[in-house]
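Step one of this worksheet: look at the structure below.
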Amino acid sequence: GFSEDYSIAEDSVNSPKHYNTGGIECIESIEASMSKLEFAGYLKGNLSKYIWRYNYKGKPKEDLLKAKWYLERLLQTTGD
Numbered sequence: 019g020f021s022e023d024y025s026i027a028e029d030s031v032n033s034p035k036h037y038n039t040g041g042i043e044c045i046e047s048i049e050a051s052m053s054k055l056e057f058a059g060y061l062k063g064n065l066s067k068y069i070w071r072y073n074y075k076g077k078p079k080e081d082l083l084k085a086k087w088y089l090e091r092l093l094q095t096t097g098d
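Just so we're aligned, residue 19 is where the sequence shown starts under the working numbering, counting upward by one.
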């Protein structure tokens, strides 16, 4: 069911093990290497990617959750 799929997707969406090395999240490293405007563009690009492909890669729910994650991070980054 969806709840089972959601819990699996949630791990791969919010804290994928392959993006965390030595206690450092890859996204944090990327953010630190960019200006605020550059990082917002990076988030927007990833958001677009997951929306674009969600119906084609065989994991639509996971891709939509990833798009949601990037949208929420973009909202946090850009503020009001």
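Note that the Cβ used here is the ideal one computed from N, Cα and C, for glycine as well.
When the beta-carbon positions are compared, L92 and L65 come within less than 8 Å of each other. Comparing C-alpha distances from G97 to each of P78, Y74, L83, K54 shows the shortest one belongs to K54. One Cα belongs to G63, the other to F57, and the distance between them is close to 10 Å. Contact between V31 and L83 holds: CB atoms are separated by about 5 Å, below the 8 Å threshold. Contact check for Y60 against I42 fails: the beta carbons are separated by 8 Å or more.
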